[in-house]
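Below is one structure, written out as structure tokens; comments come after it.
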Amino acid sequence: MIKKITREEARHLFPVRPPDANKGSFGCVLVVAGSRTMCGAGFLCAKSALLAGAGLVFWALPKSMQPAFAAALPEAITLPLVETEEGYLAAEAFDELQSFCADRKPSVAVIGPGMGKSPLFSRLLTELDLPQIVDADALNFMAAENGTVWPHNTPVIYTPHPGEMARLLKTDIARDEKARLSQVRELARQTGGVCLLKGAGTLVCAEGELSAVWQNTTGGPALAKAGSGDVLSGMIAGLWAQLGAQNGFNLHSALSAALCGVYAHGLAGDLAAQTRTDYGVLAGDTALHIPAAIKEILN
């Protein structure tokens with residue numbers, strides 16, 4: 126069965142903002158993202174988490190990137206970590222990251238955007254004890270490890286595009302709706318998490334609710350740009366941080382965050398396209414339209 130993600134559904138699931146709240150009321154997102162040649166991915170992700178309403182955002186990034194991006198995004202707290210000669214986050218960075226998490230206690234983590242071939246992935250995916258959104262290069266690492274490296278004992282949202290999904294499942298890229306439905310259900314079954322399959326009419330499926338697949342009703346060609354997925358993963362993280370703080374971090378809040386996130390992300394792209402056109406919308410434009418999208422959902 127396919128259910129449509131509508132504005133009414135998104136409004137019903139959206140996190141509330143009590144008037145007596147403080148930043149701790151809205152959760153804290155840890156973004157582990159970026160490398161020397163893909164530094165913008167982490168920036169887009171961290172900024173989008175803030176624009177979606179997270180109370181705090183920590184951004185773990187290669188040390189060489191920190192001066193420029195701490196200035197570009199002063200609202201985020203940056204954690205500069207040791208990097209390889211190629212500019213990827215190094216395996217040795219994990220202990221410092223784990224110590225930071227023990228001290229600052231983030232609520233949820235985004236892993237993967239722009240990280241390239243970072244040797245940090247193995248421990249990050251298996252030892253980081255946080256609810257996770259696994260995206261981009263983290264998905265490619267999992268695919269290359271042939272199913273031997275998966276997050277355990279924590280709720281997880283997986284956000285592959287069709288190519289990443291095909292690599293994870295060792296199959297062909299889905300070319301029709303039937304194949305897309307089959308693949309998103311299969312990944313949810315294998316992982317026990319909440320799974321997206323991005324694209325026109327992004328699909329969302331959760332383990333335990335495999336008979337129902339949700340299909341998004343917002344978004345269009347304006348979102349077919351590099352960095353769009355980084356904005357989406359940041360938005361979902363920001364929403365999950367809030368929903369989890371209010372209702373607990375579990376598959377239910379993960380599914381709610383994914384549904385709200387894909388709807389609001391698509392709507393933000395639609396709003397950006399009204400002035401920028403489908404041709405001219407950049408991922409950063411989509412991010413800047415997140416507040417307008419949320420306003421339209423809630424009103």
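Residue 126 is where the sequence shown starts when you use the working numbering, and the numbers rise one by one after that.
Backbone N, C-alpha and C define an ideal beta-carbon position, used for all residues, glycine too.
Taking DSSP as the reference, what is the three-state secondary structure of residue i?
i	result
P205	strand
I298	coil
K420	helix
A331	strand
K129	strand
A234	strand
Y213	coil
L155	strand
L255	coil
V281	strand
N372	helix
E200	coil
S160	coil
H377	helix
K350	coil
M360	helix
K242	coil
Measure the beta-carbon distance from residue i to residue j and round it to whole angstroms, keeping in mind my assumption that it falls under 8 Å.
i	j	result
D410	L169	That belief does not hold up - the Cβ atoms of D410 and L169 are roughly 11 Å apart, past 8 Å.
F374	S173	Contact doesn't hold; Cβ gap of about 19 Å is too wide.
P187	G165	Actually they do not touch by this definition, with Cβ atoms about 13 Å apart.
A185	L206	6 Å
A389	A135	7 Å
A177	L306	The Cβ separation is near 27 Å, so there is no contact.
A283	L321	What sits at residue 283 in the sequence shown is Tyr, not Ala. About 7 Å; that satisfies the 8 Å criterion.
N424	G391	In fact, because the Cβ distance is near 17 Å, the residues do not count as touching under 8 Å.
G369	P256	7 Å
In terms of residue numbering, what span does the beta strand (DSSP E) encompassing residue i cover?
i	result
P192	Looking at the DSSP string, P192 is not in any beta strand (DSSP E); the run it does join, the alpha helix (DSSP H), is Q191 to A197.
P187	L181 to P187
V338	V338 to N341
If you follow the alpha helix (DSSP H) that residue i is part of, which residue opens it and which one closes it?
i	result
A268	D262 to A269
W275	Neither: W275 is in no alpha helix (DSSP H) and is coded neither H nor E.
L413	A408 to L413
L321	Where L321 is concerned, there is no enclosing alpha helix (DSSP H), although the beta strand (DSSP E) it sits in stretches over V319 to L322.
F168	C164 to L176
R229	A218 to R229
Skipping 5 residues on each side, what residues in its chain have a beta carbon closer than 8 Å to that of residue i?
i	result
E311	L294
A417	A393 and L396
Within the same chain, show all residues whose beta-carbon is closer than 7 Å to that of residue i, passing over the 5 residues directly before and after it, in chain order.
i	result
L138	S381, L384 and C385
D297	A291
P346	D403
K242	Y213
E217	V207
I130	W339, Q340, N341, T342, L384, V387 and Y388
What separation, rounded to the nearest whole angstrom, lies between the Cα atoms of residue i and residue j?
i	j	result
P276	I258	10 Å
P244	F183	21 Å
A337	Q191	43 Å
G324	C226	33 Å
Q371	A146	11 Å
M163	M240	7 Å
R401	L222	39 Å
E200	C153	13 Å
E210	G333	43 Å
Q399	L155	32 Å
Q308	V406	29 Å
P143	A269	44 Å
For residue i, I'd like the list of residues in its chain whose CB is within less than 6 Å of its CB, leaving aside the five on either flank, ordered along the chain.
i	result
H493	The structure shown does not extend to residue 493, since the chain is modelled only from 126 to 424, so the question has no answer here.
M267	V274
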